[in-house]
């Protein structure tokens, strides 16, 4: 279970504390178990800071606390505070990365939703970058037409193998499994079962996808359809 520690402190020497944290990061390379660190400043009190440190589990947090480097830095941090900091230990019982959920819903719907519905996942000014096409596709209408072509050529599903998120961006590594049922790039339907692996980087705005970059093994797909490698 993910574990989070909140450190609530007041200091007029934040720049020194910032440099102290940089030193801790450098000194604990290959040892620390913390996976994410955020420091927020109170908008109504410029001396009030809250640090949020994330760990894979409580046990990993305790292992991190027992590092000699952590103990030294902690003592220096307390000395920089205007008053004794307070600590709150939290076991995370729910965590929703909303853009990740939106990306997952998009790929789950791909292959089964009608082309008319694809706009439910996209902003009106959506831009699609696909190296298989000469120019980016701009707008929902263009990507709807492209998606309809894939749907006409294949019955397909996406298996999501991995997802990473940062700020308004989500990267999804996927495996595409399909049956060739209709014409594709002039290739008549073969009934062949095919697979393809790829990655899609997506940017989100207001819960919808506003930009996508696709990378996938199109040459491998054509080889499976008997076009290449003969």
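Residue numbers (my numbering): 508 to 737. Beta carbons are placed, not taken as given, at the ideal position from N, Cα and C, and that holds for glycine.
Note down the Cα distance separating residue i from residue j, rounded to an integer number of angstroms.
i: residue 721; j: residue 617; result: 14 Å
i: residue 601; j: residue 510; result: 11 Å
i: residue 593; j: residue 534; result: 24 Å
i: residue 520; j: residue 549; result: 15 Å
i: residue 622; j: residue 657; result: 10 Å
i: residue 523; j: residue 587; result: 8 Å
i: residue 564; j: residue 539; result: 13 Å
i: residue 674; j: residue 554; result: 26 Å
i: residue 568; j: residue 680; result: 29 Å
i: residue 639; j: residue 614; result: 19 Å
i: residue 612; j: residue 629; result: 12 Å
i: residue 729; j: residue 547; result: 51 Å
i: residue 515; j: residue 557; result: 5 Å
i: residue 724; j: residue 644; result: 20 Å
i: residue 691; j: residue 717; result: 27 Å
i: residue 650; j: residue 635; result: 7 Å
i: residue 667; j: residue 709; result: 14 Å
i: residue 686; j: residue 508; result: 40 Å
i: residue 641; j: residue 536; result: 44 Å
Between the Cα of residue i and those of the options, spot the shortest distance and give me the residue it belongs to.
i: residue 604; options: 714, 728, 723, 724; result: 714
i: residue 704; options: 663, 540, 577; result: 663
i: residue 626; options: 639, 646, 707, 573; result: 646
i: residue 541; options: 732, 711, 587, 566; result: 566
i: residue 689; options: 719, 564, 660, 644; result: 660
i: residue 684; options: 596, 698, 562, 675; result: 698
i: residue 526; options: 512, 578, 584, 517; result: 584
i: residue 561; options: 576, 544, 531, 572; result: 544
i: residue 559; options: 575, 598, 589, 650; result: 598
i: residue 672; options: 682, 707, 528, 641; result: 707
i: residue 655; options: 682, 636, 637, 620; result: 620
i: residue 581; options: 712, 641, 589, 531; result: 531
i: residue 529; options: 576, 711, 589, 552; result: 576
i: residue 734; options: 719, 712, 711, 693; result: 693
i: residue 731; options: 696, 573, 579; result: 696
i: residue 682; options: 727, 648, 574; result: 727
Establish whether the CB of residue i and some CB of chain C are separated by less than 8 Å.
i: residue 592; result: Although the question refers to chain C, the structure presented lacks it and comprises just one protein chain.
Could you tell me how far apart the beta carbons of residue i and residue j are, in whole angstroms, since I believe they sit closer than 8 Å?
i: residue 610; j: residue 677; result: 4 Å
i: residue 632; j: residue 512; result: In fact, because the Cβ distance is near 41 Å, the residues do not count as touching under 8 Å.
i: residue 607; j: residue 670; result: 5 Å
With DSSP as the reference, please indicate the residues paired to residue i in a beta bridge.
i: residue 684; result: 664, 702
i: residue 718; result: 634, 710
i: residue 748; result: Residue 748 lies beyond the range of the chain shown here (508 to 737); nothing can be said about it.
i: residue 728; result: Residue 728 is not bridged to any residue.
i: residue 655; result: BP columns for residue 655 are empty, so no partner.
i: residue 723; result: 705
- Ordered list of beta strand (DSSP E) runs contained in the segment 560-618, each at least 3 residues: DSSP runs (the beta strand (DSSP E)) wholly in the segment 560-618: 593-598.
- Complete beta strand (DSSP E) runs within the segment 510-550 (minimum length 3 residues, chain order): Those beta strand (DSSP E) runs which fall completely within the segment 510-550 and span 3+ residues are 510-517, 543-548.
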